[in-house]
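For reference, the structure is listed below as structure tokens.
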Amino acid sequence: MPEFDLLAFASATGVLHRANRALGYLAYSWRTATNLQGTVTASCGTPVLAEMSLISGRKALLNGSRPSMVVICAGDNADGHSTKGLEAWMRECRHHRVMLAALGTGTQILASSGVLSNKSCAVHWQFRPGFSERFMDVDIKTSIYTIDDSIWTCSGSSASLDMMLYLVGQQFGPSVVSQICEHALIERGRGPEEAQRVPFVKGGRLSNPTVLKLIQEMERTAGDPVPMSNLAKFVDRSRRQMERLFRREIGCSPSRYYLLLRLERAKMLLVQSDMPIIEIAVGCGFVSASHFSKCFREVNGVTPQALRRSNANENRRLLSESHGTNSKVRAFM
1 MPEFDLLAFA SATGVLHRAN RALGYLAYSW RTATNLQGTV TASCGTPVLA EMSLISGRKA
61 LLNGSRPSMV VICAGDNADG HSTKGLEAWM RECRHHRVML AALGTGTQIL ASSGVLSNKS
121 CAVHWQFRPG FSERFMDVDI KTSIYTIDDS IWTCSGSSAS LDMMLYLVGQ QFGPSVVSQI
181 CEHALIERGR GPEEAQRVPF VKGGRLSNPT VLKLIQEMER TAGDPVPMSN LAKFVDRSRR
241 QMERLFRREI GCSPSRYYLL LRLERAKMLL VQSDMPIIEI AVGCGFVSAS HFSKCFREVN
301 GVTPQALRRS NANENRRLLS ESHGTNSKVR AFM
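If you use our numbering, the sequence shown corresponds to residues 1 to 333, in order.
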């Protein structure tokens with residue numbers, strides 16, 4: 001898709017290329033398709049030549065050139081480049097039992113098409129709040145990638161490499177994966193159970209399994225907060241034990257951390273959605289809009305209203321610039 005994530009695309013195809021080299025024959029082949037004609041430009045500005053059209057891809061489902069997997073690679077503006085034809089193709093792939101995969105925000109296309117209904121998926125942490133509000137029938141995981149009923153989704157960027165390494169490992173074993181990792185100068189591919197990050201923790205890594213479990217539960221319930229006593233029971237600790245453990249590992253109280261998570265969720269919803277501010281406040285566990293605004297300003301330095309206005313102005317500026325750029329691209333194509 002236009003403005004796709006080049007890192008995700010190159011990571012995925014790079015793994016398949018190295019798998020072929022390790023195996024000594026062409027086990028994997030791929031073609032790039034787009035609903036535009038010719039060159040598609042990545043979000044970083046790099047052009048990539050598409051070999052086939054969306055129409056050709058849909059026709060391939062009905063003949064001998066049917067692919068074993070269709071992968072959607074998108075960028076931050078996935079919704080802006082989606083089409084009814086693309087979403088129909090996703091449903092047709094499911095009907096014909098073709099595996100589906102999404103890199104980064106490509107997951108939004110799968111969800112919009114309906115193929116993720118009542119299934120789990122991985123969504124980048126930045127887009128998770130807005131995604132969860134739009135697709136309430138999808139089980140969103142905090143892991144770097146997921147596999148559910150032949151649908152592979154990853155959170156994007158370097159997680160694409162991990163997901164494709166896992167695919168190769170499932171099909172050709174750990175020896176081939178080891179050769180790819182050795183060539184790529186990485187120790188290993190991360191598994192689907194690994195979390196994307198630990199919010200507000202320096203380096204994004206945490207070794208204590210109890211605290212990690214607590215944080216994952218806090219993330220899961222950020223839209224509907226639970227009492228601290230419930231969280232303590234969740235990890236089979238007393239509230240005092242939980243407080244002491246959390247302060248030692250994180251450097252702040254569980255209640256403060258929970259508040260920061262809720263405010264982060266609210267901030268993303270302010271930017272990613274058109275939800276009224278009062279609904280965002282209630283949806284993030286605040287008793288009133290004034291209490292929400294006070295907490296938000298203390299942490300972010302601006303009110304929710306000011307942030308939304310600033311983001312709207314920036315979006316208008318980018319839209320104005322993109323209109324000029326798109327007109328040049330259309331003339332060139």
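Heads up, the beta-carbon is just placed ideally off N, CA and C, and yes, glycines get one too. As the structure is a computational prediction, the values presented were derived from the model and not from experiment.
Run through DSSP, which three-state label would residue i get?
{"i": "A222", "result": "coil"}
{"i": "L319", "result": "Note that L319 has pLDDT 44, beneath the 50 cutoff, so the model's placement of it is unreliable and the number below is only indicative. Residue state, collapsed to three classes: helix."}
{"i": "C44", "result": "coil"}
{"i": "M90", "result": "helix"}
{"i": "M69", "result": "strand"}
{"i": "C284", "result": "coil"}
{"i": "M333", "result": "Low confidence applies here, because M333 scores a pLDDT of 20, under 50, leaving its location unreliable; read the following figure in that light. In the structure shown, M333 sits in coil (DSSP, three-state: anything other than H, G, I, E or B)."}
{"i": "V15", "result": "helix"}
{"i": "E3", "result": "coil"}
{"i": "G324", "result": "Low confidence applies here, because G324 scores a pLDDT of 46, under 50, leaving its location unreliable; read the following figure in that light. Helix."}
{"i": "S310", "result": "helix"}
{"i": "A22", "result": "helix"}
{"i": "A27", "result": "coil"}
{"i": "L206", "result": "coil"}
{"i": "A10", "result": "helix"}
{"i": "L54", "result": "helix"}
{"i": "S120", "result": "strand"}
{"i": "T32", "result": "coil"}
{"i": "A62", "result": "The displayed chain sequence assigns Leu, not Ala, to residue 62. The answer is coil: DSSP assigns L62 none of H, G, I, E or B."}
{"i": "T39", "result": "strand"}
{"i": "A101", "result": "strand"}
Under 8 Å between the Cβ atoms of residue i and residue j?
{"i": "Y28", "j": "L16", "result": "yes"}
{"i": "M52", "j": "R21", "result": "no"}
{"i": "W89", "j": "L54", "result": "yes"}
{"i": "L100", "j": "L110", "result": "yes"}
{"i": "E3", "j": "D76", "result": "yes"}
{"i": "A8", "j": "S113", "result": "no"}
{"i": "A78", "j": "M1", "result": "yes"}
{"i": "A334", "j": "S56", "result": "Missing from the structure shown is residue 334; the chain here goes from 1 to 333 and no further."}
{"i": "L245", "j": "V211", "result": "yes"}
{"i": "R190", "j": "I144", "result": "yes"}
{"i": "V70", "j": "C93", "result": "yes"}
{"i": "Q305", "j": "I277", "result": "yes"}
{"i": "K213", "j": "V235", "result": "yes"}
{"i": "C284", "j": "R265", "result": "yes"}
{"i": "Y258", "j": "P209", "result": "no"}
{"i": "R247", "j": "S253", "result": "yes"}
{"i": "A19", "j": "V201", "result": "no"}
{"i": "E249", "j": "L206", "result": "yes"}
{"i": "S120", "j": "T83", "result": "no"}
Which residue wins for smallest C-alpha separation from residue i, given the options the options?
{"i": "P47", "options": "F296, D5, V71, E87", "result": "D5"}
{"i": "V11", "options": "L116, A184, L49", "result": "The sequence shown places Ser at residue 11, rather than the Val named in the question. When only C-alpha atoms are compared, the closest one is A184."}
{"i": "H96", "options": "N118, G80, Q126, S65", "result": "S65"}
{"i": "L270", "options": "S293, R256, L259", "result": "S293"}
{"i": "T142", "options": "S56, E264, I215", "result": "I215"}
{"i": "L23", "options": "K84, Q179, Q126", "result": "Q179"}
{"i": "V115", "options": "N311, D149, V176, H124", "result": "D149"}
{"i": "C44", "options": "G173, R91, I144, A74", "result": "A74"}
{"i": "S117", "options": "M268, D139, L36", "result": "D139"}
{"i": "M164", "options": "P192, E182, E187, D137", "result": "P192"}
{"i": "V282", "options": "N300, A222, E298, G85", "result": "A222"}
{"i": "Q126", "options": "K119, V299, S273, I250", "result": "S273"}
{"i": "A159", "options": "E194, F172, E217", "result": "E194"}
Under the rule that 16 or more other beta-carbon atoms within 10 Å means buried, what is residue i, buried or exposed?
{"i": "R128", "result": "buried"}
{"i": "L49", "result": "exposed"}
{"i": "Q196", "result": "buried"}
{"i": "R262", "result": "buried"}
{"i": "P227", "result": "exposed"}
{"i": "C154", "result": "buried"}
{"i": "V287", "result": "exposed"}
{"i": "T105", "result": "buried"}
{"i": "H124", "result": "buried"}
{"i": "P174", "result": "exposed"}
{"i": "Q108", "result": "buried"}
{"i": "D162", "result": "buried"}
{"i": "K267", "result": "buried"}
{"i": "R309", "result": "exposed"}
{"i": "G130", "result": "buried"}
{"i": "E219", "result": "buried"}
{"i": "A42", "result": "buried"}
{"i": "H81", "result": "buried"}
Beta carbon of residue i: closer than 7 Å to some heavy atom of the ligand MN?
{"i": "I144", "result": "The ligand MN is not among the ligands present in this structure, which contains no ligands whatsoever."}
Beta strand (DSSP E) segments (min. 3 residues) lying fully within the stretch 123 to 198: 139 to 141, 145 to 148, 151 to 154
For a minimum of 4 consecutive residues, which ranges assigned as the alpha helix (DSSP H) are wholly contained in the stretch 246 to 306? 254 to 272, 277 to 283, 289 to 300
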